Amino acid sequence: MDFDICNLQEIITEVEGMLKGQIVSSGAIIFTDLRTENIRFPKIHLKSIFYNLISNSIKYKKPDVPPFIEISSNQHLGKTVLIFKDNGLGIDLKKHGDNVFKLNKVFHRGFDSRGVGLFMTKTQIETFGGSISVESEHELGTIFIITL
């Protein structure tokens with residue numbers, strides 16, 4: 181698969197368009213701090229990664245609290261680091277840490293979840309030489325850190 185030069189703001193804008201209904205109905209705010217503007221990655225996969233992480237932040241929001249999603253990018257040791265941070269339900273990593281990126285693992289009941297999104301996201305990132313990690317606490321939100 182060919183790598184594309186992807187403008188991160190363009191990817192975010194496209195994904196916001198795809199999720200417009202959920203963004204409006206949830207009152208979500210997406211804040212960006214893009215110190216790195218472009219990265220080399222297959223665009224179709226990068227868009228899928230952004231879609232999964234942003235839609236999860238909206239889906240797993242706290243009741244009666246609008247989602248606040250912060251997306252940032254920077255360079256570290258010659259690699260691009262993308263950070264997705266939200267104020268949602270969070271994941272209890274003591275309980276679920278080993279299963280966050282495994283197929284068919286679901287951490288919150290009462291949602292239309294199949295446990296595929298984070299598995300796919302990790303697979304797409306690793307297939308093209310990157311890595312993803314998670315920091316999270318139950319009820320305090322989640323941070324995904326992607327290094328490409």
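Note that the working numbering has the sequence shown beginning at 181, numbered continuously upward.
No residue lacks a Cβ here, since even glycine has one placed at the ideal position from N, Cα and C.
These figures come from a predicted structure and were not determined experimentally.
**Request:** Specify the secondary structure class of threonine 303 as computed by DSSP and reduced to three states.
**Result:** On the sequence shown, position 123 is the one that residue 303 refers to. Correct three-state label for threonine 303: helix.
**Request:** Identify which residue in Lys259, Pro246 and Ile305 has its Cα closest to the Cα of phenylalanine 230.
**Result:** Looking up residue 230 in the sequence shown gives position 50. Cα-wise, what sits closest to phenylalanine 230 is Ile305.
**Prompt:** On the three-pair Cβ rule with 8 Å, is the region 258 to 278 touching the region 236 to 246?
**Reply:** Contact holds: three or more Cβ-Cβ distances are below 8 Å.
**Item:** proline 247 to glycine 197 span [Cα, whole Å]
**Value:** Start at 1 with the first residue of the sequence shown, and residue 247 comes out as number 67. Start at 1 with the first residue of the sequence shown, and residue 197 comes out as number 17. Spanning the two alpha carbons is a distance of roughly 17 Å.
**Asked** Between which two residues does the alpha helix (DSSP H) carrying histidine 256 extend?
**Response** Position 76 of the sequence shown, counted from the first residue, corresponds to residue 256. Segment 248 to 256 is the beta strand (DSSP E) holding histidine 256; no alpha helix (DSSP H) there.
**Message:** Using CA atoms only, rank isn't needed, just tell me which of Ile219, Leu298 and Gly310 is closest to leucine 188.
**Reply:** One-based indexing of the sequence shown puts residue 188 at position 8. Checked all of Ile219, Leu298 and Gly310; the closest Cα to leucine 188 is Ile219.
**Request:** Using the DSSP secondary-structure output, state which residues sit across from leucine 214 in a beta bridge.
**Result:** The residue given as residue 214 occupies position 34 in the sequence shown. Leucine 214 is bridged to Ser253.
**Message:** Taking only three categories from DSSP, how would you classify glycine 197?
**Reply:** If you number the sequence shown from 1, residue 197 lands on position 17. Residue state, collapsed to three classes: helix.
**Item:** Option in Ile185, Asp182, Asp184 and Thr327 with minimal Cα separation from lysine 259
**Value:** Taking the sequence shown and counting its residues from 1, the one referred to as residue 259 is at position 79. Measuring from the Cα of lysine 259, the nearest candidate turns out to be Thr327.
**Item:** Buried or exposed (CB count within 10 angstroms, at least 16 for buried), phenylalanine 324
**Value:** On the sequence shown, position 144 is the one that residue 324 refers to. With 16 or more other Cβ atoms within 10 Å, it is buried.
**Asked** Can you tell me where the alpha helix (DSSP H) with phenylalanine 183 in it begins and where it stops?
**Response** Mapped onto the sequence shown, residue 183 falls at position 3. If you look at phenylalanine 183, you'll find it isn't in any alpha helix (DSSP H); DSSP assigns it neither H nor E.
**Request:** Return the residue from the list Ser228, Lys227, Ile224 and Glu217 that minimises the CA-CA distance to glutamine 255.
**Result:** For the purposes of this step, residue 255 is taken as residue 75 along the sequence shown, with counting starting at 1. For glutamine 255, the closest of Ser228, Lys227, Ile224 and Glu217 by C-alpha to C-alpha distance is Glu217.
**Prompt:** With 16 other CB atoms within 10 Å as the buried threshold, where does glycine 321 fall?
**Reply:** If you number the sequence shown from 1, residue 321 lands on position 141. Counting every other CB atom within 10 Å of its CB across the protein chains shown gives glycine 321 a total of 16 or more, marking it as buried.
**Asked** The alpha helix (DSSP H) spanning leucine 226 covers which residue range?
**Response** Counting from 1 along the sequence shown, the entry for residue 226 is found at position 46. Residues 223 to 239.
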